[in-house]
Amino acid sequence: MVFELDPEEICFPDPHLGEEDGLLAVGGDLSVDRLLTAYSYGIFPWYSFRDAPMIEWWCPMERFVIFPKEIHISHSMRQLIKKGAYTTTFDKAFEDVICNCSKLRIDMQGAWLGEDMIKAYTELHRQGFAKSVEVWDGDKLVGGLYGVAIGRCFFGESMFSLVPSASKLALIYLAQLMEARDCIMIDCQFHTPHLESMGGRHISYDEYMELVSES
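Using this note's numbering, read the sequence shown as starting at 103 and increasing by one per residue.
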């Protein structure tokens, strides 16, 4: 079932009652309070900003996640890291990262990272909840990722590469940083072959929420 949110009340229905594909609710807004409430239950906004009449909120019952200590670093990535051709930073250029993520997909059908989403996550970043990883070639930004950090979990949103393997490098850096800080989990939201190759795997929503609650 798909629920319509009350615009005056910041709450969500039980995610177990959503559609089989993970669509749970529509409506509401992208305020900081609503976004933080959503993420605390594994719910996230994802909608075509050109086509959808309202914000769509998703919460798949099978979650695709990466545990930091399980990040897979291939031989080729180890060689790339060893060469030191790129430098990697944490939370130094959030707005540049999110704008690059948007720009690379903005002309695609179903593009979801429009002005409203950029504004909302930039405000989350301003308040300390949204974070980024940057990959640099000298002083040029060539890759990165961003997401929401709550407790010891990172809820990934998007990544980009302007050179081969830059997004992989960003994800490896994030996983290693999280492991060093005793963090629990990177939420990848949906399965992709790219993320599976990096060590991603499915867990149930109930197991996922146990981990989120621990953080």
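Cβ coordinates follow ideal geometry from the N, Cα and C atoms, glycine included. None of these values were measured; they are calculated from a predicted model.
Following the DSSP letters along the chain, one finds S306 inside the beta strand (DSSP E) bounded by residues R303 to S306.
Nearest C-alpha to S204 among W159, H296 and E259: E259.
Of all C-beta pairs linking the stretch 173-187 to the stretch 218-227, fewer than three are shorter than 8 Å, placing the two stretches out of contact. Between the alpha carbons of M280 and I286 lies a gap of roughly 8 Å.
Closest by C-alpha distance to L137, out of E225, D308, D289 and P266, is E225.
H177 is the residue among H177, F192 and T191 whose C-alpha sits nearest the C-alpha of K185.
The stretch 143-157 makes contact with the stretch 126-135: 3 or more CB pairs, one atom from each, lie closer than 8 Å.
Residue range K242 to I252 is occupied by the beta strand (DSSP E) that includes Y248. Inter-residue distance for G144 and C161 is about 6 Å (C-alpha atoms, whole angstroms). Residue burial annotation: E122 is exposed, with fewer than 16 other C-beta atoms found within 10 angstroms of its C-beta. The DSSP assignment places complete alpha helix (DSSP H) segments of no fewer than 4 residues inside the stretch 143-204 at 177-185, in order along the chain. The residue from S150, A140 and F151 with its alpha-carbon nearest to that of P115 is A140. Of the candidates G249, F169 and N202, the residue whose Cα lies closest to the Cα of H227 is G249.
Distance between F146 and T189, taken at the CA atoms: about 30 Å. Check the Cα spacing between M163 and each of D193, F169 and L119: the tightest is with L119. Exclusion of the five residues before and after G301 leaves I168, E172, I173 and H174 as the residues of its chain whose Cβ lies within less than 6 Å of its Cβ.
Of the candidates M103, P117 and L132, L132 places its Cα closest to the Cα of E110. By the Cβ-count criterion, K270 is buried, with 16 or more other Cβ atoms from all chains shown falling within 10 Å of its own Cβ.
Each of E298, H296, P170 and H304 was checked against the Cα of A282, and the nearest Cα belongs to P170.
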